[in-house]
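What follows is one structure encoded as structure tokens, with my remarks underneath.
Chains as they are written, first to last, in our numbering: chain A, 266 to 948; chain B, 991 to 1327.
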């Protein structure tokens, strides 16, 4: 909200410069900035928190400045010069929905001349960001900004039946507002109507054909107090947000309704040569009562960590125009003024005391806590650990949005009934790109890889640790996943030779799980539309499926306009950490040296390395301790349809240093087994 | 005797430079320090000398023997190409770049999230978590933000159904934790939050850290003390801070914490909009209404809570000027941290 420095000075005495004032208010919770100087005045913008409805006006800020500085507060002149004609003979008002309109007041000003407002008034409303219209409308806006009370001026001629009815809208009733938009009203909306039709959306905007025009002579001026929730709903339902609805939904001062009415009526008469009819309408059947709150000095000091005296607290409350009565040594009964809608409880008063005393005067302390220190959860420990492992493997962490575009499910080429398509949809997404909650990290990871490749960074090695969302009952199941993508290409740099492939990716998975002491993982063929039918696998630990890895299928790559080969994995974080072993036991180091024997064999290339491994392993369980595959070759130097595998076999025992005689028979047996069972020949 | 030693030394000195083969080295060895070498023979004559002289000459002779051996060893290394001279042959280019081990990077948001969490964990806070898709009840209602309250405007909410939303802040973790734990507590809750807003300073998904502490006599002074410790740990000991009254439905009194602008040091600049101060977090004493929702007796327990926007402090700490960079994941950006 904007006000001006000089306007404020009309209602409170203070010596602060605009920038000092700005600091004073900011440190009292009204964030203030001096934004510009116009002629000899300064425009001040105040960013109000939603609780301070009382400050949406010049007098509201003046009250605050008075409380902070002790400067004298002056209320605006609200005297009215009344003329002929009794309002009750000119209009009748019936409030049919008193819950939604607790108070409705009105005055009539007759014989006005509609013309531009004088420049002193126009200048003020321009400064606060309004557009001058005419002397009538400008006065209602002027008083709105000055006193915080929204007002509406009707052209009296257009009030049919000389009757105002405040009621809920009828079914199928419609209203064209001042901005020439037609609104179909709902029965929940409160309207101001005459005997025939709605003439205003109560508290939000007036109707187009009952407003003030150049031809207007007589005016019905409305000042009311509407139910904040009803105004808020109506304003949202119709998408109309006005200065008026903004203030009503935050709560105006129900006791300031008449003062604003009188001030505006008198000003209109003054500026338009009109005459205010005698009397005013004031439908206020059930007076709104204000809270009386008991405030304890001890409680105040206990919460704030200070030691203010009864006198100091009374002084603060009185400066804020709260009336007080001392009950006993510790207790004060506080009457809250009608404009402070935010003060309902003792804690609200304690905040006022803290605010006026000054937060900066409250001493910093360090609490002595009896809370025993508890360790991080298993999840937190592993989240950190897994990130560290992946980084040490050369991957960089990315963070993608949790919402994705459904079209990515087509891009990764999954069937229409694939469970990944069962997503949680946002009702109000910012864009189609971010419309459903992800059920897989894959699209985000691929997208990030593509984004980088398109910017000329073709060496991509990335991972993400984040949640996916699976629809369930009321709340979805949130599962933590680990996703990764690496490109085939590596950076063209001296020393960095070779490309990444399936086995590189598999190595990442093995290293990650290995570091978490999971060694019993197994890899099985996988059938996923987004993974290459051969160069892909699902990972299982103790028969439990924990995810997949592999080369992105050409169809999925095409779905993302990806020209490079990409290798991806996605593993369940939740499952991995239940398998991870944190407690380690020491195994003693070998007492005697190991003997290494290498063999290279040539065999049919459709024989699995796993089978070779098993045959070697099962040959001996006494001194054959390790089997290390150190070379794999297919190509010109061996026959077509064959491959060469080279192993280092490690022999060792804890009893003594092994000799050739110990090893030879076993080594021979290994070679014989490979030959007999797999047709492997030594190379 | 002394002169004979000197004579041997001179001879060896003159012979070594011309040596070309290992054989020649052994020849010299035999000739001087072998069983019948000149020096060996000389040592045999020592016994004829008076004790004083014997001692002195003996020492010199041993030194000479060592000197000869050292020189011959050195010569041998050179002949085998292992001596300094041999190693100096040819050219080795040390300016070719080293073989880089590739190390990845932690995302700057994770890095700072961990850093902030750690600061509080060191102060005795425990880490808690909550769901990112949340019930309206936990995100708003139990935090004293009823439906139709204007405070809901402060947070543009993504809706899934009428009462299921993407959490707009980490504060629901307060409620979830207090519902199942009795005080006293000291909790920190980092995580992702969502609001429908997107420009260079707003991201529809961002990160927050919630912190709260409940005990019998927690005061506003304690809130100030803990948050000052945090600011000094994170931004540096010399960074000024101030507590400014504000409004959050779930705290009262509420305070916004500003730090002295890290860019202009308080003189006023574009980043701090000329005020010299930067808003970094919201905080306050937990509202008694919140305690009632979780069935804590507000007369018995008091507490404070705060929420820190991670993106904002990362942007301030590293001078990042566009929040979208964090979610674009350009590797050239990510590798700077």
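Even glycine gets a Cβ: it sits at the ideal position worked out from N, Cα and C. The model shown is predicted, which means the values in this text are computed figures rather than measured ones.
Mapping the DSSP letters down to three states, classify residue i as helix, strand or coil.
{"i": "residue 991 of chain B", "result": "coil"}
{"i": "residue 304 of chain A", "result": "coil"}
{"i": "residue 820 of chain A", "result": "helix"}
{"i": "residue 1136 of chain B", "result": "coil"}
{"i": "residue 1231 of chain B", "result": "strand"}
{"i": "residue 339 of chain A", "result": "coil"}
{"i": "residue 440 of chain A", "result": "strand"}
{"i": "residue 1093 of chain B", "result": "coil"}
{"i": "residue 869 of chain A", "result": "strand"}
{"i": "residue 601 of chain A", "result": "coil"}
{"i": "residue 384 of chain A", "result": "helix"}
{"i": "residue 365 of chain A", "result": "coil"}
{"i": "residue 1213 of chain B", "result": "helix"}
{"i": "residue 349 of chain A", "result": "strand"}
{"i": "residue 1030 of chain B", "result": "helix"}
{"i": "residue 733 of chain A", "result": "strand"}
{"i": "residue 618 of chain A", "result": "helix"}
{"i": "residue 1104 of chain B", "result": "helix"}
{"i": "residue 764 of chain A", "result": "coil"}
By alpha-carbon positions, which one of the options ends up nearest to residue i?
{"i": "residue 287 of chain A", "options": "A:302, A:275, A:277, A:311", "result": "A:311"}
{"i": "residue 555 of chain A", "options": "A:547, A:598, A:572", "result": "A:598"}
{"i": "residue 1023 of chain B", "options": "B:1105, B:1304, B:1056, B:1254", "result": "B:1056"}
{"i": "residue 291 of chain A", "options": "A:454, A:528, A:451, A:624", "result": "A:624"}
{"i": "residue 1104 of chain B", "options": "A:686, A:548, A:645", "result": "A:645"}
{"i": "residue 512 of chain A", "options": "A:748, A:931, A:494, A:842", "result": "A:494"}
{"i": "residue 1216 of chain B", "options": "A:891, A:929, A:628, A:671", "result": "A:628"}
{"i": "residue 1196 of chain B", "options": "B:1046, B:1308, B:1303, B:1058", "result": "B:1303"}
{"i": "residue 1090 of chain B", "options": "A:659, A:591, A:431, A:602", "result": "A:659"}
{"i": "residue 1121 of chain B", "options": "B:1152, B:1264, B:1179", "result": "B:1179"}
{"i": "residue 590 of chain A", "options": "A:568, A:604, A:560, A:609", "result": "A:560"}
{"i": "residue 1163 of chain B", "options": "B:1284, B:1005, B:1069", "result": "B:1284"}
{"i": "residue 732 of chain A", "options": "A:709, A:359, A:739, A:797", "result": "A:709"}
{"i": "residue 428 of chain A", "options": "A:353, A:409, A:298", "result": "A:353"}
{"i": "residue 300 of chain A", "options": "B:1003, B:1265, B:1096", "result": "B:1265"}
{"i": "residue 437 of chain A", "options": "A:443, A:856, A:447", "result": "A:447"}
What does DSSP give as the partner residues of residue i in its beta bridges?
{"i": "residue 1241 of chain B", "result": "B:1238, B:1276"}
{"i": "residue 1081 of chain B", "result": "In the DSSP output, where bridge partners are listed per residue, residue 1081 of chain B has none listed."}
{"i": "residue 913 of chain A", "result": "A:863, A:893"}
{"i": "residue 1182 of chain B", "result": "B:1197"}
{"i": "residue 1247 of chain B", "result": "B:1233, B:1271"}
{"i": "residue 898 of chain A", "result": "A:909"}
{"i": "residue 449 of chain A", "result": "A:439"}
{"i": "residue 1125 of chain B", "result": "B:1154"}
{"i": "residue 668 of chain A", "result": "A:702"}
{"i": "residue 1036 of chain B", "result": "DSSP, once it has assigned bridges, lists no residue as partnering residue 1036 of chain B."}
{"i": "residue 371 of chain A", "result": "A:487, A:546"}
{"i": "residue 354 of chain A", "result": "DSSP, once it has assigned bridges, lists no residue as partnering residue 354 of chain A."}
Using the rule of at least 16 other Cβ atoms within 10 Å of the residue's Cβ for burial, across every protein chain shown, is residue i buried or exposed?
{"i": "residue 1041 of chain B", "result": "exposed"}
{"i": "residue 1214 of chain B", "result": "buried"}
{"i": "residue 272 of chain A", "result": "buried"}
{"i": "residue 1157 of chain B", "result": "buried"}
{"i": "residue 459 of chain A", "result": "buried"}
{"i": "residue 606 of chain A", "result": "buried"}
{"i": "residue 359 of chain A", "result": "exposed"}
{"i": "residue 773 of chain A", "result": "buried"}
{"i": "residue 1134 of chain B", "result": "buried"}
If we cut at 8 Å on Cβ distances, does residue i have a partner in chain D?
{"i": "residue 1192 of chain B", "result": "Annotation note: the requested chain D is absent from the structure, which comprises protein chains A and B."}
Go through the stretch 779-810 of chain A residue by residue and report every complete run of the beta strand (DSSP E) that reaches 3 residues or more, in order. Listed in chain order, the beta strand (DSSP E) runs fully inside the stretch 779-810 of chain A are 786-789, 796-806, counting runs of at least 3 residues.
Whole alpha helix (DSSP H) runs in the stretch 1038-1070 of chain B with 4 or more residues, listed along the chain? The qualifying runs are 1041-1069.
Extract the residue ranges of the beta strand (DSSP E) inside the stretch 485-544 of chain A, only unbroken runs of 3 or more that lie entirely within it. Fully enclosed beta strand (DSSP E) runs of 3 or longer: 540-543.
Counting only runs that start and end within the stretch 826-854 of chain A, where is the alpha helix (DSSP H) found for 4 or more residues in a row? Counting only unbroken stretches of 4 or more residues, the alpha helix (DSSP H) elements lying wholly within the stretch 826-854 of chain A are 838-844, in sequence order.
Along the chain, which unbroken stretches of the alpha helix (DSSP H) at least 4 residues long are found entirely within the stretch 553-606 of chain A? Whole alpha helix (DSSP H) segments, 4+ residues: 562-569, 575-584.
At what residue ranges does the stretch 458-485 of chain A contain a whole run of the beta strand (DSSP E), taking only runs of 3 or more? Fully enclosed beta strand (DSSP E) runs of 3 or longer: 463-466.
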